[in-house]
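*Asks:* The structure that follows is given in the form of C-alpha cells.
Numbering (my numbering), first residue to last: 125 to 430.
Below you can see the structure in the form of C-alpha cells.
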C-alpha cells in the first residue's frame, strides 16, 4: 500500500511541477511579447503580468526599470538630435548671406587689374569660398532631409521615367566630365509609391557621385524588382573607402568638389521612402545599388497609375 501512496504523491508532485513550469513558460512568453511591443512603440505602458509567480514578477519589474531608463535616454537623444539639426539649419542660413557677398566681391576683384600672384590668390580664395557655399547648402539640405517632422508626399512614381530624367538632367555635366553613360531599362513599367522630389534628389546625388569617381564609363540599369544600379570603373577607390561613402562628411581625395554629404542625404531619403541603398567595390569597379522593394497592391477602387 505504501509504494502506491508514494507513487501517487510523486505523480501529484510531478503534475504540480509541470503546471508551474507551464505557467512560468507562459509568463516568460508574455514578457517577451510585451517587451517587443514596448521597444517597437513609443509608449509609457509598463510590462504587466497577471501571474503571481514572484520570479516572473521580479523579472518584469526589472525590465520596467530598464524600459523607463531607455525611454529617458531616447527622449534625450531625440531632443538633442532635434536641437542639433535646428542649429545646423540656422548656421547654414546665417553663413549663406556673407558667403554670397564674399563670392560677389571676389568676382569684382577678379575683373580689375592684378598681378599674377594676386590672380592666383584670388582664384584660391574664390575656390575655397565656393566650396564653403556648397557645404552650407548641403548642410541645410541634409538637416531638412533628416528631419522626421517633414512628411514625404508619397505617390505612384514610374522608376523608368525617373531614371531617364535624372540621367538627362546631368547628361551634359557627365559628358563634359569625360563620363559616357549607358542606360538599361526593362520593357515593363516599374512603379513604386515614392516622393518624386526626394527620388530625384537621390538619383541626382548618385549620378554626381559617379561623376566624381568614374574613370570614364557609367552603366545605369533598372531591374523589374525595383533595383537601380550605377556601376563605373573607379581605380582611385578601395574597399575601405567605399565602405565609408555614406558616412557624413567623409570625402575621398579623388572626389572632385565633394562635401561628404551627398550620399548621406541619399541614404536618409531612400530609407525614409522604404528603400535600401548600398555600395560595393569589386575588381576596380564601384557599384551603387538603390532598391525599392515591391509594395502591396492598392486598395480596391484606387488607380495605381493616377
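Where is the CB? At the ideal position from N, CA and C, for every residue including glycine.
Quick one: what's got a C-beta closer than 6 angstroms to residue 306's C-beta in the same chain, skipping five residues either side?
*Replies:* Around residue 306: 343.
*Asks:* Identify whether residue 415 lies in helix, strand or coil by the three-state DSSP scheme.
*Replies:* Note: residue 415 maps to strand in three-state DSSP.
*Asks:* Distance, Cα to Cα, residue 195 vs residue 165?
*Replies:* Each residue's alpha carbon lies about 10 angstroms from the other.
*Asks:* Could you give the distance in angstroms between the alpha-carbon of residue 360 and the alpha-carbon of residue 201?
*Replies:* Cα to Cα, the separation comes out at about 38 angstroms.
*Asks:* On the three-state DSSP scale, how would you describe residue 280?
*Replies:* Reduced to three states, the DSSP call for residue 280 is strand.
*Asks:* May I have the straight-line CA-CA distance separating residue 379 from residue 341, to the nearest angstrom?
*Replies:* Only weak support exists for where residue 379 lies, its pLDDT of 46 falling under 50; the value from the coordinates is given anyway. The straight-line gap from Cα to Cα measures roughly 16 angstroms.
*Asks:* Nearest by alpha-carbon distance to residue 371: which of 363, 358, 364 and 385 is it?
*Replies:* It is 385.
*Asks:* Could you give the distance in angstroms between the alpha-carbon of residue 127 and the alpha-carbon of residue 155?
*Replies:* Taking the straight line joining both Cα atoms gives about 41 angstroms.
*Asks:* Measure the beta-carbon distance from residue 322 to residue 393 and round it to whole angstroms, keeping in mind my assumption that it falls under 8 angstroms.
*Replies:* At roughly 4 angstroms, the Cβ-Cβ gap stays under 8 angstroms, so residue 322 and residue 393 are in contact.
*Asks:* Which of helix, strand or coil does DSSP assign to residue 176?
*Replies:* It is coil, neither helix nor strand.
*Asks:* Quick check on residue 160: buried or exposed, where buried means 16 or more other Cβ atoms within 10 Å of its Cβ?
*Replies:* It is exposed - the Cβ of residue 160 has fewer than 16 other Cβ atoms within 10 Å.
*Asks:* Here's the rule: buried if 16 or more other CB atoms are within 10 angstroms of the residue's CB, otherwise exposed. What is residue 260?
*Replies:* Buried, because 16 or more other Cβ atoms sit within 10 Å of the Cβ of residue 260.
*Asks:* In whole angstroms, what is the alpha-carbon distance linking residue 291 and residue 416?
*Replies:* If you take the alpha carbons of residue 291 and residue 416, they lie about 19 angstroms apart.
*Asks:* Residue range of the alpha helix (DSSP H) that residue 357 falls in?
*Replies:* Unbroken run through residue 357 is the beta strand (DSSP E), 351-357; no alpha helix (DSSP H).
*Asks:* Evaluate residue 162 with the Cβ neighbour count: other Cβ atoms within 10 Å of its Cβ, from every protein chain shown; 16 or more gives buried, anything less gives exposed.
*Replies:* Looking at its Cβ environment, which holds 16 or more other Cβ atoms inside 10 Å, residue 162 is buried.
*Asks:* For residue 151, which residues in the same chain have their Cβ closer than 7 angstroms to its Cβ, ignoring the five residues on either side in sequence?
*Replies:* Around residue 151: 173, 175, 177 and 180.
*Asks:* So, is residue 299 buried or exposed, given that buried needs 16 or more other C-beta atoms within 10 angstroms?
*Replies:* Label assigned to residue 299: exposed.
*Asks:* Give the range of the alpha helix (DSSP H) segment to which residue 388 is assigned.
*Replies:* Taken as a continuous stretch (DSSP letters only), the alpha helix (DSSP H) holding residue 388 covers 386-396.
*Asks:* Give the single residue among 414, 403 and 131 whose Cα lies nearest to the Cα of residue 327.
*Replies:* Of the candidates 414, 403 and 131, the one whose C-alpha sits nearest the C-alpha of residue 327 is 414.
*Asks:* Can you tell me which of 320, 133 and 129 puts its alpha carbon nearest to the alpha carbon of residue 277?
*Replies:* Minimum Cα distance to residue 277 is reached at 320.
*Asks:* Residue 183 to residue 189, Cα distance in whole Å?
*Replies:* One C-alpha to the other measures close to 10 angstroms.
*Asks:* For residue 356 and residue 390, which I take to be in contact (beta-carbon distance under 8 angstroms), what is that distance rounded to the nearest angstrom?
*Replies:* Not confirmed; about 16 angstroms, so no contact.
*Asks:* Distance, Cα to Cα, residue 221 vs residue 234?
*Replies:* The alpha-carbon atoms of residue 221 and residue 234 are separated by roughly 20 angstroms.
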